[in-house]
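Asker: Provided herewith is a single structure, encoded as structure tokens, for subsequent inquiry.
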DNA sequence: AATCGCTTGATTGTCGACAATGCAACTAAA
DNA sequence: TTTAGTTGCATTGTCGACAATCAAGCGATT
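Residue numbers (this note's numbering), protein chains in the order written: chain A, 207 to 463; chain B, 207 to 463.
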């Protein structure tokens, strides 16, 4: 059991350079001034471990075990667990402990329903709230992502980073702090968990770029309604894509329901 | 200072019977199986204190002081603070402590923008997801609320309780766990804080009942689009109502910005 | 043989004390 | 008088140990 864990570790570490690149990117751009306290650091570690599947979905979380593993007390660890619960990566029941969330078709549908609505709203607001500079920056970023993606075909992490970055910018552009908090802090880690564990990299890459460009163009034209519609469609397509993979993999090793 | 606190306490205690009624009602109907651990209990206490204004908006939270006041250690208190941050009642900065959130026009607008979108979505989903029994129950509840409200004119807590109850039922009717979590656990305490501290009880009471009835009727007719539209309008009207009070009170004792 | 109750083990919840960090007042120099 | 530096204090972050609660295994009883 411990041995198996080490094996999983080894596999994960091979992926780490790419991961770090992604995390660095995220940290640089996004509002993560965090790694100042020990709880913050271990939070990032465990978040990554859960999203990557290093800590299996549905498995029980043992506080003493994790404390030993990261070599710190249970106090900051519990702080980290509280935040993990906040972004729906674990579920706690009083006096019974915490479990990593299970992936399911129903959960995916619920999550993406919400994303459609919320990111649609973000687009609508962004169309009136973003400055011309911010919009130009996003357009420039899209081209940049496209070129790096062409250089490194098949590197799904780059696509992932680019996609997250685009959505992040638009959400920030809404200038609504509560909306930003929900999407960037509470929902996105779970979204990434579905995408990473379902191995998303497929043929949607180039299509996604086109859709991104159409959305930012609508925002640039200050057409909020169109931007909202396009974003909802974009996320809907993404959901169907993942749903296909999930229903297949679900039959393989019972991660569904 | 301590004396003033006692005075405030005395005033608050006078309101408590009504409060308990409200809380009981909420606990009975809503998913609050909580008060099992000490942290849960103190969480409810502090939540109430903040929403009621017993702990002033914008004031600093001292962990040792609160620990002494509620006669428990800092460990469960920090757990409670973590959850308070989750529902946006306090804001924490690392190594600097927590402050109670400030009420502002900008914050109100952002919050109600989000409510419009999310509760609109809830209505749309509820129109297809609620069972006939659930719908009938809500309709029955509305009449019940109306009669108790007529008996006790001016008792704002009853109106508050009835309003919260109605919205709660519709949100639950969406059957989307993430949506339910955001609205009922993360946003509603802040919404109540705005309403309570702005002293909302005015002439909107009877109009609100009519609007509620129209919404549930649309849901009963399985007309999701109409239900969504009516709910958005309903919340928008409520926002304007509070906004008026807030801008007035804001000028009086500077709670704005 | 099956079920109920008890006991044991482990896990979570809570506590008090220590360490580290940040804030503020005070001093001294320009 | 103002500003920079320093010192002291208060608050937060972290730690290890204890208490309460839950789960499971064993034994006794019907």
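The C-beta atom is built at its ideal place from N, Cα and C for all residues, glycine as well.
1) Starting from the beta carbon of residue 201 (chain B), find every residue of chain A whose beta carbon is closer than 7 Å, and list them in chain order.
2) Counting Cβ pairs, one atom from each stretch, are 3 or more of them under 8 Å apart for the region 292-311 of chain A and the region 317-328 of chain B?
3) Cβ atoms of residue 420 (chain A) and residue 333 (chain A): under 9 Å apart, would you say?
4) Do you know offhand how far residue 233 (chain A)'s Cα is from residue 245 (chain A)'s?
5) Within 10 angstroms of its Cβ, does residue 365 (chain B) collect 16 or more other Cβ (buried), or is it exposed?
6) Within this structure, are the beta carbons of residue 390 (chain B) and residue 374 (chain B) separated by less than 9 Å?
7) Would you mind listing the alpha helix (DSSP H) stretches within the region 311-388 of chain A that are 4+ residues and don't spill past its ends, in chain order?
8) Enumerate in chain order the residues of its own chain whose CB-to-CB distance from residue 442 (chain A) is below 8 Å, with the five nearest sequence positions on each side excluded.
9) Where does residue 297 (chain A) sit, in a helix, a strand or coil, going by DSSP?
10) Nearest chain B C-beta to residue 242 (chain A) closer than 9 Å, yes or no?
11) Measure the C-alpha to C-alpha separation of residue 437 (chain B) and residue 279 (chain B) and round it to an integer number of angstroms.
12) Going along the region 379-401 of chain A in order, which residues come within less than 7 Å of chain B, judged by CB to CB distance?
13) What residue range is occupied by the uninterrupted alpha helix (DSSP H) comprising residue 402 (chain A)?
14) Of the choices A:376, A:346, A:372, whose alpha-carbon is the least far from that of residue 336 (chain A)?
15) Which residues of chain B have a Cβ atom closer than 9 Å to the Cβ of residue 320 (chain A), listed in chain order?
16) Does residue 257 (chain A) come out as helix, strand or coil in the three-state DSSP assignment?
17) I'd like to know if residue 288 (chain B) contacts chain A, where contact means its C-beta is closer than 9 Å to some C-beta of that chain.
18) Roughly how many angstroms separate the alpha carbons of residue 243 (chain B) and residue 273 (chain B), rounded to a whole number?
19) If you draw a straight line from the alpha carbon of residue 304 (chain A) to that of residue 299 (chain B), how long is it in whole angstroms?
20) If I follow the unbroken alpha helix (DSSP H) through residue 304 (chain A), where does it start and stop?
21) Scan the region 296-310 of chain B for residues whose Cβ lies nearer than 9 Å to a Cβ of chain A and list them as they occur along the chain.
22) Using the rule of at least 16 other Cβ atoms within 10 Å of the residue's Cβ for burial, across every protein chain shown, is residue 371 (chain B) buried or exposed?
23) Under 7 Å between beta-carbons, which chain A residues line up against residue 292 (chain B)? List them in chain order, please.
24) List, in order along the chain, the chain A residues whose C-beta lies closer than 9 Å to that of residue 250 (chain B)?
25) In the DSSP assignment, what are the bridge partners of residue 267 (chain B)?
26) Can you give me the start and stop residues for the alpha helix (DSSP H) that residue 284 (chain B) sits inside?
27) Is residue 429 (chain B) helix, strand or coil when you go by DSSP?
28) For residue 270 (chain B) and residue 269 (chain A), what's the separation of their Cα atoms in angstroms?
Answerer: If we stick to the structure as given:
1) In the structure as shown, chain B begins at 207 and stops at 463. Residue 201 (chain B) is therefore absent and cannot be evaluated.
2) no
3) no
4) Because residue 233 (chain A) carries a pLDDT of 41, less than 50, the predicted location of this residue cannot be relied on, and the following value inherits that uncertainty. Those two C-alpha atoms are separated by around 17 Å.
5) buried
6) yes
7) 311-335, 338-357, 362-379, 383-386
8) 318, 322
9) strand
10) yes
11) 44 Å
12) 382, 383, 384, 385, 388
13) 394-403
14) A:376
15) 324, 327, 382, 384, 385, 388
16) helix
17) yes
18) 15 Å
19) 26 Å
20) Premise fails: residue 304 (chain A) lies in the beta strand (DSSP E), 303-306, not in any alpha helix (DSSP H).
21) 300, 301
22) buried
23) 292
24) Within chain A, no residue comes near residue 250 (chain B); the closest Cβ sits about 14 Å away, beyond 9 Å.
25) B:304
26) 280-292
27) coil
28) 26 Å
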